[in-house]
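Counting in the working numbering, the sequence shown runs from 37 upward without gaps.
Every residue, glycine too, gets a C-beta built ideally from N, C-alpha and C.
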Amino acid sequence: MSIRAAGGNGRSALVVALVSLAGLVVAPTAGRAQTGMIAGAVWEAGSGTPLEGVTVVLRGTPLRTVTDARGQFTIGHLEAGRYTLLVAAIGFARDSQPDILLGDGERRVVRLVLRPEALLLPEFVVTGTRGAERSDEAMASIAVLPAHELVRRNVTTLDQALVYVPGVTFNGSNQLDIRGAAGFARGIGSRVLMLLDGHPILSGDGGEIDFVSIPLLDLEQAEIVKGAYSAVYGSNALGGVVNLITAPVSSTPETVVRVHADAYTYPSEYSWADGMQGAFGFGLQHSRRLGSVGVRTFIGHERTDGYKENGDSRRWIGRVKLASSADADHPWDVYGMFSRERAGEFFTWRSQDEPYRVPAAYVGDHTFEHRLLTGATITPRARASHLVKLSPYFNITRIANDFTDNDDWHTAVKPGLTAEVAWYAGDRHAIRLGVDGAHTWVTSNFLGAPKIRDMAAFVQDEIQLTSRLKGSLGVRLDHHKADLGVAEWAVSPKIGASLRVGSGATLRTSVGAGYRAPSAIEQFVSSQQFGFRVIPNPDLTGEHAWSAELGATVRILDEVRVDAAVFGSLYRDLISPAPAPGQPFVFQFGNVSRARVAGLDVGLHAQVVPSLLDVQATYLLLDTEDRATGSPLPYRSQHNVTGTLNLLGGLAGVDLRYRSRVEGVLAYPLDPRSDVTVVDLRVGYRALNVLWQLKVANVFNQFYVDVQERNPGPPRSIAITALRGL
């Protein structure tokens with residue numbers, strides 16, 4: 037639901053909300069004279085080894101922590117009452133300590149023992165409600181990509197592993213799609229919101245995801261929320277949210293090193309380069325405690341010839357994270373990430389006979405990119421009944437083209453802040469309310485100098501209706517204003533419920549609205565690229581959606597896990613390039629589409645022989661329609677399948693990706709299209725405290741078009757990787 041506004045008077049409501057919430061943040065809170073504490077340790081059964089990095093959650097409160105190198109943890113500032121601890125760690129059976137009775141000022145010490153078991157147990161996630169919950173109890177479809185999957189699959193960038201997550205597809209390079217929400221727009225205006233520890237990391241002017249600038253060595257897990265989720269996260273969460281959760285800084289010094297070298301081989305009829313096309317990269321990460329502050333640093337370099345002409349790139353990445361100790365009274369962390377890259381630009385192939393080459397006029401076209409991402413999470417107050425959290429961020433993106441037909445450049449500076457308060461009213465209600473604010477300054481030779489203001493307020497109530505049934509209600513109000521465009525309000529409500537019908541089965545349902553404000557590039561671009569002229573559209577407005585789902589998660593003997601959902605979405609005012617009225621061969625972005633997407637999303641994980649053989653599979657069925665023409669939406673496939681066979685605890689494996697023929701394209705609809713099947717093989721061996729890995733991608737060297745017409749997918753590649761420290 038949206039309302040267009042003429043000017044700035046409507047901003048006052050959000051300003052008042054921001055000031056009021058700031059007052060809540062700094063206002064003193066009455067408390068008891070004495071507060072208690074629960075302390076303890078987590079040990080491995082049998083060996084008695086203390087376990088570090090175990091997640092400890094105090095049920096029914098916003099409080100959680102992780103164990104240190106001695107397996108110890110502390111949760112303080114607790115009022116008298118009865119509490120339950122939940123603990124979980126990958127590779128161990130979960131445990132709990134119920135009915136911990138705490139008196140005024142009392143300190144209780146507990147001991148928990150975890151059994152090593154390779155079971156398919158639910159993970160703790162934080163993205164669905166902004167608070168910790170088990171993934172199988174969530175009221176939305178949430179998939180988790182853990183760090184060990186990145187290691188097993190021997191990937192250098194996150195997108196190479198995300199493609200195996202249920203419901204996720206890629207419609208060409210960097211074009212992330214969840215359940216058919218996105219088509220293809222060369223990455224501009226993502227309909228999936230990308231977060232890093234809860235902070236937005238889309239580019240400020242294009243709303244783009246840059247997978248190559250995201251370090252992976254400190255990633256704990258990626259959480260993927262499917263469906264419209266703007267009621268919680270606002271703009272860009274039209275199709276879903278991906279939240280990258282980094283691991284806590286270890287209390288003991290750790291060093292991780294990853295080095296890889298790749299080489300491409302081509303089908304004989306398409307060989308084009310005089311020498312071998314290859315890639316090389318390394319990453320070095322070190323973490324330690326300096327007093328009570330945890331410090332983690334990373335430096336990495338990647339260079340590749342690319343498998344296509346103009347596919348070369350040179351990239352440096354640096355990252356720093358500082359964090360308080362897990363048991364600090366006022367937990368905080370801060371990060372900074374910088375990347376610099378020179379990358380070639382491949383827009384379309386030279387001919388069907390030379391698909392890996394660009395037209396001669398565009399040989400050497402490239403871009404220079406610089407990105408700075410910074411953010412912090414500060415918790416001024418954390419108690420069993422309430423929590424106050426501030427999440428500021430500051431992002432800068434600069435991109436400059438060196439193309440045959442343009443030297444365009446653009447810089448975007450975007451500071452922002454999310455302030456949030458959570459109240460836990462007994463065992464029944466968890467109420468969260470907060471405000472968002474961001475301001476974007478753009479300077480460019482082809483965008484002008486627009487200034488964009490985004491403000492929002494949100495509220496959500498999670499209700500425990502019975503011991504098995506819980507529900508949630510939420511709504512968010514967004515305000516978007518570009519100084520050269522129209523002001524717009526968007527109201528995004530949601531409602532959801534989950535029902536535990538047995539010890540291993542949960543049903544869920546939800547209905548929610550989605551919203552995406554237009555990016556500066558979509559609204560104000562004036563440029564010439566690859567023979568196409570694109571002009572501004574200051575009247576461009578945001579995209580809107582409604583999505584609903586009915587799903588279930590079933591675990592069988594903790595060795596088979598099935599997650600399935602039927603879903604449907606309605607979209608309106610979708611932004612897409614279209615011919616400019618009355619101007620032949622001239623294009624502009626416009627609100628041109630209404631669409632419907634429905635389908636089935638299934639994920640299966642089965643441990644056939646624990647620690648020796650497990651199987652993963654996903655299936656995504658899409659039924660799409662352009663409501664104006666009745667035709668299928670472009671750049672989607674009706675059937676999307678992945679399969680993974682892991683052997684020897686993941687040291688060896690086979691990965692398969694299949695997608696049926698793309699049902700429609702925009703630029704070259706008469707080009708032939710076909711199904712795509714790609715198979716990868718991988719094997720690893722541990723020696724000298726190093727994991728040595730060999731991966732052959734696209735084993736059968738199939739030539740295929742990577743969704744976008746006249747853009748070939750990667751040929752066979754051979755990668756050798758050495759990893760120490762993980």
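The Cβ-Cβ distance between Pro391 and Gly89 does not fall below 8 angstroms.
By the Cβ criterion, the segment 612–620 is not in contact with the segment 631–641, since fewer than three pairs of Cβ atoms, one from each stretch, lie closer than 8 angstroms. Assignment of Gly507 by DSSP, reduced to helix, strand and coil, places it in the strand class. Leu681 and Arg569 have their C-alpha atoms some 48 angstroms from each other. Three or more pairs of CB atoms, one per stretch, sit closer than 8 angstroms, so the segment 73–82 contacts the segment 102–113. When secondary structure is reduced to three states using DSSP, His184 falls in the helix class. Burial check for Lys344: the Cβ neighbour count within 10 Å reaches 16 or more, so the residue is buried.
Residue nearest to Leu326 within the set Ala359, Gly336, Tyr302, Asn346 is Ala359 (criterion: CA-CA distance). If you ignore the 5 residues before and after Ser287, its C-beta comes within less than 6 angstroms of the C-beta of Asp104, Ala105, Arg325, all in its own chain and listed in chain order. Using a Cβ-Cβ distance cut-off of 8 angstroms, the segment 375–386 and the segment 346–356 are in contact, since at least three pairs of beta carbons, one from each stretch, lie closer than that value.
Taking 8 angstroms as the cut-off, the Cβ atoms of Asn676 and Gly208 do not count as close. Apart from sequence neighbours up to five positions away, the residues of its chain that approach Asp443 with a beta-carbon distance below 7 angstroms are Asn437, ordered along the chain. Here Thr713 has Leu692, Arg693, Tyr694, Gln738 as same chain residues with Cβ atoms under 8 angstroms from its own Cβ, once five neighbours each way along the sequence are excluded.
Your pair Arg752 and Val735 checks out as a contact, with CB atoms roughly 7 angstroms apart and the cut at 8 angstroms.
Going by DSSP, Ser528 is part of the beta strand (DSSP E) stretching over 523–538. Of the candidates Ile178, Thr476, Ala466, Pro98, the residue whose Cα lies closest to the Cα of Arg419 is Pro98.
Gly587 is classed as buried because its beta carbon has at least 16 other beta carbons within 10 Å across all chains shown. Between the alpha carbons of Ala297 and Thr757 lies a gap of roughly 7 angstroms. Between Tyr551 and Gly679, the alpha-carbon positions lie close to 33 angstroms from each other. Cβ atoms of Tyr607 and Glu579 come within 8 angstroms of each other, at about 7 angstroms. The beta strand (DSSP E) runs of length 3 or more contained entirely in the segment 575–629 are, from start to end of the chain, 579–592, 596–615. When DSSP states are grouped into helix, strand and coil, Ser266 belongs to the helix group. A direct Cα-Cα distance of roughly 13 angstroms separates Thr101 from Leu87. Counting the other Cβ atoms within 10 Å of the Cβ of Gly618 gives fewer than 16, which makes it exposed.
The C-beta of Gly311 has fewer than 16 other C-beta atoms within 10 Å across all chains shown, which makes the residue exposed. DSSP places Gln211 in no beta strand (DSSP E); its state is neither H nor E. Rounded to the nearest angstrom, the gap between the Cα atoms of Val701 and Arg464 is 50 angstroms. Here DSSP, grouped into helix, strand and coil, assigns Leu358 to strand. Within the segment 73–122, complete alpha helix (DSSP H) segments of at least 4 residues are not found at all.
Contact check for Pro486 and Ala518: beta-carbon distance about 5 angstroms, within the 8 angstroms limit, so the pair qualifies.
In the DSSP assignment, Ile557 falls within the unbroken alpha helix (DSSP H) covering 556–560.
Leaving aside the five residues that flank Ile571 on each side, the residues in its chain whose CB is nearer than 7 angstroms to its CB run, in chain order, Ser562, Ala616, Val622, Gln624.
Linking Val644 to Gly685 through their CA atoms gives a straight-line distance of about 12 angstroms. By the neighbour-count criterion, in which a residue is buried when 16 or more other Cβ atoms sit within 10 angstroms of its Cβ, Asp650 is buried. Along the length of the segment 401–453, whole beta strand (DSSP E) runs at least 3 residues long occupy 402–418, 422–438, reported in chain order. Under the three-state reduction of DSSP output, Glu173 falls in the helix class.
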